[in-house]
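For reference, the structure discussed in these notes is given below.
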């Protein structure tokens, strides 16, 4: 359903084909909005990985004091990494050649190779 909504929004001329320019607009919007949510997603993913590591380390640590110390250390490290995660993610997004990326994505979406991306190909 989400892809169908995107189709309705970005097939601007309603000709049933996603043009190169319509796709560029779609991808540019996606990259722009990614600046808001992607750093947080990466941070949360890293935090989960750290949590798993903490649970394994805490199991080996034995004492509750050691487990608490490990928990504090991991929380500090994830917090300390936050600015770096943010800056690197934004740097990558800013360096992305959106037109080239969009054009390559359009070619990959063209499942039957006819040079056109129709709704069925877009939503599949």
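Numbering (my numbering), first residue to last: 7 to 130.
For each residue, glycine too, the CB sits at the ideal point set by N, CA and C.
Leaving aside the five residues before and after residue i along the sequence, list all residues of the same chain whose C-beta is less than 7 angstroms from its C-beta, in chain order.
i           : result
residue 108 : 29, 30 and 33
residue 125 : 13 and 22
Select from the options the residue whose C-alpha is nearest the C-alpha of residue i.
i           : options           : result
residue 99  : 27, 38, 8 and 88  : 38
residue 78  : 41, 40, 57 and 45 : 57
residue 114 : 101, 103 and 128  : 128
residue 136 : 84, 122 and 40    : Given a span of 7 to 130 for the chain in the structure shown, any question on residue 136 remains unanswerable.
residue 90  : 117, 52 and 105   : 52
residue 122 : 24, 81, 54 and 82 : 24
residue 50  : 88, 17 and 130    : 88
Any idea which residues DSSP pairs residue i with across the strands?
i          : result
residue 23 : 124
If you measure from the CB of residue i, is any heavy atom of the ligand SAM nearer than 7 angstroms?
i          : result
residue 93 : What this structure holds is no ligand at all, so the ligand SAM is not there to describe.
Grab me the residues of residue i's own chain with a C-beta within less than 8 angstroms of its C-beta, minus the 5 sequence neighbours each way, in chain order.
i          : result
residue 44 : 95 and 99
residue 40 : 99
For residue i, which of helix, strand or coil comes out of DSSP?
i           : result
residue 130 : coil
residue 7   : coil
residue 118 : coil
residue 18  : coil
residue 103 : coil
Would you mind listing the beta strand (DSSP E) stretches within the stretch 48-85 that are 3+ residues and don't spill past its ends, in chain order?
-> Within the stretch 48-85, no complete beta strand (DSSP E) run reaches 3 residues.
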